[in-house]
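Chains A and B supply the protein sequences, listed in that same order. The numbers in this note's numbering rise by one with no breaks, and the one at position 53 of the first sequence is 53. The numbers in this note's numbering rise by one with no breaks, and the one at position 95 of the second sequence is 396.
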Amino acid sequence: MHFQDIIATLNRFWADQGCLLLQPYDTEKGAGTMSPHTVLRAIGPEPWAVAYPEPCRRPTDGRYGDNPNRAQHYFQYQVLIKPSPDGIQETYLASLEALGIRQRDHDIRFVEDNWESPTLGAWGVGWEVWLDGMEVTQFTYFQQCGGLDCRPVSIEITYGLERLAMYLQDVESIWELSWNDQRSYGDLWLASEKGQCTYNFEASNPDRLQQLFALYEAEATDLVAAGLPAPALDYVLKCSHTFNLLEARGVISVTERTATIGRIRSLARQVAEAWLQERQALGFPLLGEAAREALVAEPLG
Amino acid sequence: MATFLLEIGTEELPADFARLALPQLEQQVRHDLAAQRLPHGLVQATGTPRRLVVRVADLHLAQDDLAEERKGPPAAQAFVDGRPGPAAIGFANRCRVDPASLEVRQTAKGPFVFARILQPGRPSAEVLAERIPAWITGLQGRRFMRWGEGELRFSRPIRWLVALLDQQVIPLVLEGSDPAIRSGRISRGHRLSEQTPAIADADSHSASLAAGGVLVERQQRADWIRQQVLEAATAAQARPDLPEELFEELVDLVESPSLIEGSVEPRFLALPPEVLSTVMRSHQRYVPLRRLDAPEDPLALSAEASLLPRFLCIGNGLPEAADTVRRGNERVLKARLADAEFFLEADRAITCEQRRQRLASVTFADGLGSLLDRSDRLHWLCGLLLKHLSLPPESQVAALRAAHLCKHDLVSQMVGEFPELQGVMGAKYALAEGESRDVALAVLEHYLPRGASDQPPASSAGAVVALAERLELLLSIYAKGERPSGSSDPYALRRAGNGVLQILWERGWSLDLVSLLEQATAHWAQRLPELEIEAPALAAELVEALRQRMVSLFDEEGFDPDLVQAVAGDGVPAQRLLGDPIDGRQRLTLLAHLRRDGQLAPVQAVVQRAARLAVKGNLPADVLSPAAVVDPALFSSASEAGMLQVLEELEPILAVRNPEVRYRELASKLAEGAVALSAFFDGATSVMVMCDDPAVRSNRLNLLGLLRNQAGELADFSRLSS
């Protein structure tokens, strides 16, 4: 199965499960979770069901394309459903079958892995899914997001697309994956991977990145104060990515890291609160009529 | 009698919860059945990743009846003209008995009305249906969750419940779960089984699940795994590297275990053994195989002498899939090891010294410069420590060199990927470059102890560098104004403080931390002028923080809290405790022994009494000799002379230089003199302290003050509770 067909198959599968199919969000981010489709929609009482592929950037994971298993830019396939439904594990396993991974031919396991994003003030519990010992998916019941309790609880399913594809295509390197029947993953991404790694590790200017970080942080702070959660989130994401670029230059120690993450988290928390207020002011439009009346009547605790 | 069975079906539980919930479940059920007057036989809990099960054998079908007798009003008030009056009727109603059934009986206070209440036992099924939800919600574990729209909290979502009394379903609904769960007899088999086991009766539960591909008996899975691993290791002429924690986890990761043997490309044995075993054990939950003749060498760079190019894996799949599963696992391991290989090569391409220089580009913390600055301060502290401690020259040389190098691996690729190998990799790289084994070992050990239950460094050089490492952290983070508060201690300063004390205690090193910290804070003020450090205040604060660490370590060790307070509590001068941390520990241990042997109480009684009265006098706390302050000519009772004699015998003991001997003798002399001392207060020759004659009074108060002062050498007795 080609890489693009995996995405198409998952799209078809989750659309049949009633998910909205949305597109990637246009800001750099380390994980599909950070898209507003997840990080904001997981907050508040409105139901939600979405599926989308998301390109992710983790500068420190870059290896100049020399490593067959790692890249600083890769793709996740993200599903978020609120409230989490009964039987979601079985639905997920059915999605693997749709990709041609028959349960009976493998050892598929749900192994405890509790997810926490210190920068987003978010945490949840769940599993990493092992396919014959390889982690292919992260499965998380969101408990808190932006420091707010998630009620109802969302379930997030994040597929590692390259790993799944390598397994399905039985190739030993990301770069050898077929994207379609003519082009390989390497044809499309290897050159930019090398260039981005050179930037991340060598060509970036740490002083300027520090300045950018400070500017983005100031922008996010002002936007939060102005009660504009959507653009505020954009700048929190830019802070987060700039921080990751600084980390790739190795200029942030473990101790300094803690302090900076604390500042980003506090911003993320304020964005979450502002978002919830905005939705409430709109009367939680995605809620059913009865639920809306019940909820809008009383202030949120 | 019947068999009771409860199966709590869940999504995959964390392995440690599955294990730790079982004893809790057993205990709750046992406790509750007793409280509910339900006699029963064996209570046994077992579980798999997807279910917790508890079985009760020989459960009675109904509660025992409860016969109770209650005492009511006096008969004279209760009966009017021999018939039950309002008081009797009210009492009978409260007891829910017929007033006619009330009895009158004689008591020591005259005749009273009594009611006999017989509460007939209810059917077990009914009681169980009420109690089961509380057994489920009563289980404790870390990181519980909610799911869907429910408010119920559990380790993972609950999806089904089987509750049976023999063949009969105990009907109940578990509220708060989304969706609400109704009990029934339908369980679920292994994820790969096509059967949905319907449990016909409680006794056939195991068998029905076995048909559904689940080995529900945890012990059987454990035995099977243990045996298979041992057999496979023996056949390979190796020893399985299977710590108990991993073994327990493996048992709780599968519902139906199988053994898979995989191989590793031999070239990967060029990697350090810790890298291979970290990947295999922590990341993949495989069992590495150690060669029977493997040397114990934490500094070895390659695993060729210690590991076989193989691993064992406990699978949960179908036998016909074993080949695919093995290939898949080998492939994952290969990818991870290839990564590690890449890191090792990259790391070996530069020297430790070059890496150390790269620490300059890593910020340590705001206002504290780079990791290289930290490393330099650490090295300076190591020198200061060596001046305070008298160690052999070779240890001193090794310690200083190790202090110089110890942080270089923080910028190595390998530690970037495997943070748990910090120190380990640094040591191996240093040795490979020609540093001495002592230096390499000190680099390795300077992170020890990692926590409360961890071993401190085994070498002197390692211990000195470990002390310097922790003191540097405390000094720097305190200097920039951050303190641990409540549950927030992001820099793990408390653990650092604990480490300092644990190392000193373990090595038996006497170290004057007060003067060391005074010197160090002055140096810090010089090095970090922008922080505007007030050296004496900072030193005093650090000393106080360490005192608190000492109190908390003593408490954690299980010493009686009042003994801890008497030795290291608030009022105890810092110099006394931190001037030599060994000292407080010796005194505390001694007091604990005295208390255990029953010798403390008499001494305590008399010293506390003396101290309470002595405040009425004005003897300064530092006077320890009776010579100038007690006049025997003023004595009027033998007990005064008796007390003076004890005090005079105690005086030379206080001058004994070896503290251990001093405390021991002081304690035994006090214990010995307890009778003589208490004669002062009680008995035929006791005296009245607050007598009218001011000279006699003051003489007596001085005797008491001296006793308080001398005993104070051991502890502040006023803190002891009786």
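Note that beta-carbon positions come from the ideal geometry of N, C-alpha and C, so glycine has one too.
- Contacts between G100(A) and chain B, judged by CB atoms closer than 7 Å, are missing: the closest CB pair is about 13 Å apart.
- Within the stretch 423 to 452 of chain B, those residues whose Cβ lies closer than 7 Å to any Cβ of chain A are, in chain order, R444, M446, R447, W448, G449 and E450.
- Apart from sequence neighbours up to five positions away, the residues of its chain that approach T652(B) with a beta-carbon distance below 8 Å are E734, ordered along the chain.
- Where P903(B) is concerned, the enclosing alpha helix (DSSP H) starts and stops at L901 to A915.
- The beta carbons of T347(B) and D504(B) sit about 14 Å from each other, so the pair does not count as a contact at 8 Å.
- About 36 Å separates the beta carbon of D359(B) from that of M446(B), a gap too long to meet the 8 Å contact definition.
- Contact annotation for C614(B) against chain A: G133 [CB-CB distance below 8 Å, chain order].
- The beta carbons of L307(B) and I433(B) sit closer together than 9 Å.
- In the structure shown, the three-state DSSP call for W275(A) is helix.
- Uninterrupted beta strand (DSSP E) stretches at least 3 residues long and entirely within the stretch 592 to 676 of chain B occur at 608 to 616, given in chain order.
- Shown here for L701(B): same chain residues with a beta carbon closer than 8 Å to its own, the five before and five after excluded, namely H680, C683, G684 and L687 in chain order.
- When 8 Å is used as the limit between beta carbons, V712(B) is near these residues of chain A: G250, in chain order.
- Boundaries of the beta strand (DSSP E) around Q144(A): M134 to C145.
- In the DSSP assignment, T260(A) forms no beta bridge with any residue.
- Taking 9 Å as the cut-off, the beta carbon of C239(A) is found no closer than this to the beta carbon of L276(A).
- Excluding its 5 nearest sequence neighbours in each direction, I261(A) has C-beta neighbours in its own chain below 6 Å: P118 and T119, listed in chain order.
- For the pair of segments examined, the stretch 48 to 66 of chain A was found not to touch the stretch 89 to 99 of chain A: the number of CB pairs separated by less than 8 Å stays below three.
- Put simply, the CB of E313(B) is near chain A, with a gap under 9 Å to one of its CB atoms.
- Beyond the five residues adjoining it in sequence on each side, E807(B) comes within less than 7 Å, by CB distance, of P757 in the same chain, given in chain order.
- Burial is judged here by how many other beta carbons sit within 10 angstroms of a residue's own beta carbon; Q89(A) has at least 16 and is buried.
- Shown here, F936(B) sits in coil according to DSSP, grouped into three states, outside any helix or strand.
- A direct Cα-to-Cα measurement between T242(A) and R263(A) gives close to 14 Å.
- Assigned with DSSP and collapsed to three states, T822(B) falls in helix.
- Not flagged as an interface residue toward chain A: V463(B), since no C-beta distance is shorter than 9 Å.
- Only those residues of the stretch 564 to 585 of chain B whose C-beta falls short of 8 Å from the nearest C-beta of chain A are listed: Q585.
- In chain A, no part has a C-beta under 8 Å from the C-beta of R888(B); the shortest such distance is about 37 Å.
- For the pair S1023(B) and A985(B), the Cα-to-Cα distance works out to about 25 Å.
- In the three-state DSSP reduction, E562(B) falls in the strand class (E or B).
- Ranked by Cα distance from P882(B), the first of L854(B), V908(B) and H894(B) is L854(B).
- Interface with chain A (9 Å Cβ-Cβ cutoff): G618(B) is included.
- Within the stretch 636 to 651 of chain B, A636, R637, A639, D640 and F643 place their CB atoms closer than 9 Å to a CB of chain A, listed in sequence order.
- Using beta-carbon distances, R483(B) does not count as an interface residue toward chain A, since no partner is under 9 Å.
- In terms of beta-carbon proximity, E256(A) lines the interface with chain B, with at least one pair separated by less than 9 Å.
- Sixteen is the threshold: when 16 or more other Cβ atoms of the shown chains lie within 10 Å of the Cβ of H491(B), as they do, the residue is buried.
- Straight-line measurement puts the Cα of L967(B) at about 6 Å from the Cα of I954(B).
- Comparing C-alpha distances from G449(B) to each of L334(B), R443(B), Q441(B) and I459(B) shows the shortest one belongs to I459(B).
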